[in-house]
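Colleague: Can you keep this structure in mind? I'll have questions shortly.
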Amino acid sequence: MIKFYYNLAPNPTKVALFLEESGLPYELVPVDTRKGEQFAPAYAALNPNCKVPAIVDGDVTVFDSNAILLYLAEKTGKFLPANTPVARGQLLSWLMFVASGVGPFSGQAVHFRHYAPEPLPYAINRYRFEARRHYGILDAQLARRRYIVGDTYTIVDMAAWGWARAVPFVLGDDAWTPLPHLKRLVDEISENPGEAALAYARAHLLPRSASSLRRAVRAARLGYAERFRGRIAQLEAMYLDDLMRTADASEGLQAFLEKRPPEWKNR
Ligand SMILES: N[C@@H](CCC(=O)N[C@@H](CS)C(=O)NCC(=O)O)C(=O)O
1 MIKFYYNLAP NPTKVALFLE ESGLPYELVP VDTRKGEQFA PAYAALNPNC
51 KVPAIVDGDV TVFDSNAILL YLAEKTGKFL PANTPVARGQ LLSWLMFVAS
101 GVGPFSGQAV HFRHYAPEPL PYAINRYRFE ARRHYGILDA QLARRRYIVG
151 DTYTIVDMAA WGWARAVPFV LGDDAWTPLP HLKRLVDEIS ENPGEAALAY
201 ARAHLLPRSA SSLRRAVRAA RLGYAERFRG RIAQLEAMYL DDLMRTADAS
251 EGLQAFLEKR PPEWKNR
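Numbering follows this note's numbering, with no gaps: position 50 of the sequence shown is 50.
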């Protein structure tokens, strides 16, 4: 069974989306990057870059989220465009565009906007500008096509979704206004009442607020038929485990613990 090394950040989340939507069996292996578990020698042997995600599939190890998406798509034959050189050219171009542009610029924009120890206006403006420009290119593409590579939902849409669902966090609260086509894609994937909802819920296991947890679990519950009940219970259990395991790791989490809804207390 595939081992999926993850945390709840954008890059692992796109892989979670693929695993859920494809129905591939997999085992979750959380890597707590706040505690530095990504630097443990055993993990560095899987991913020399010491970041999540990575997967181990038998004797195959793959790291870097977009490489994992391509590997899984080729393994399963799912979420690929038509098997033509023209479509393959588009798939690779857009996948690398997301990998080398959207992801890194968004990551830097988030860093300088939210986490840098001192405010650096030049860096904040530069990365916000570049991240916004990249999202604008995706939006223009989606103005003409249902999905990024054409009429077929592919791994490029999943890759873009991983970061684009965080657009307000990356760019600011009003960031969706000039990006209506990208918003349509993000909403379609996030609101899909199928397997995607579970990936969405998982992505909120350590939510920033109690209400986002409630929303995510409700979305998953509403979207899931009987066969998913066990998985949702497992999800909730994982959430509590994670919460307890990391309860003293950050003040933000402590604050969240205090504010969590009454039904989560004493469990
Ligand atoms: N290019 C890599 C980037 C991976 C990455 O930046 N992962 C972040 C989470 S989204 C991480 O592991 N951060 C922890 C750290 O930098 O130590 C990919 O797409 O997989």
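Glycine included, every Cβ here is placed at the ideal spot set by N, Cα and C.
Computed from a predicted structure; not experimentally measured.
1) Who are TYR6's beta bridge partners in DSSP?
2) Report whether the distance from the Cβ of THR33 to the nearest heavy atom of ligand 1 is below 8 angstroms.
3) For GLN51 and ALA164, I'd like the C-alpha separation in whole angstroms.
4) Between the Cα of ALA87 and those of VAL167, THR154, THR76 and THR61, spot the shortest distance and give me the residue it belongs to.
5) Return the CA-CA distance between ALA9 and PRO85, expressed in angstroms with no decimal places.
6) Tell me the DSSP bridge mates of VAL56?
7) Near ILE148, what residues of its chain come up, given a Cβ to Cβ distance below 8 angstroms and the 5 sequence neighbours on each side ignored?
8) Identify whether TYR147 lies in helix, strand or coil by the three-state DSSP scheme.
9) Starting from GLY162, trace the alpha helix (DSSP H) both ways and give me its first and last residue.
10) So which residues touch the region around ligand 1, with touch meaning a C-beta under 7 angstroms from any heavy atom?
11) By the 10 Å Cβ neighbour count, where 16 or more other Cβ atoms means buried, how is TYR5 classified, buried or exposed?
Modeller: Per the coordinate set shown:
1) Partner(s): PRO30.
2) Yes, the Cβ of THR33 comes within 8 angstroms of a heavy atom of ligand 1.
3) Looking at the sequence shown, residue 51 is not Gln but Lys. Answer to the nearest angstrom: the Cα atoms are 20 angstroms apart.
4) Cα-wise, what sits closest to ALA87 is THR154.
5) Each residue's alpha carbon lies about 33 angstroms from the other.
6) VAL56 is bridged by DSSP to LYS3 and THR61.
7) The beta carbon of ILE148 sits closer than 8 angstroms to those of TRP94, LEU138, GLN141, LEU142, THR154, VAL156, ASP157, ALA160 and LEU185, all from its chain and outside the five residues before and after it, given in chain order.
8) Strand, per DSSP.
9) 155-164 is the span of the alpha helix (DSSP H), which, as asked, contains GLY162.
10) Sorted by position in the chain, ASN7, ALA9, PRO10, ASN11, PRO12, THR33, GLN38, ASN49, CYS50, LYS51, VAL52, PRO53, PHE63, ASP64, SER65, ASN66, ALA99, GLY103 and GLY107 make up the residues whose C-beta lies under 7 angstroms from a heavy atom of ligand 1.
11) With 16 or more other Cβ atoms within 10 Å, it is buried.
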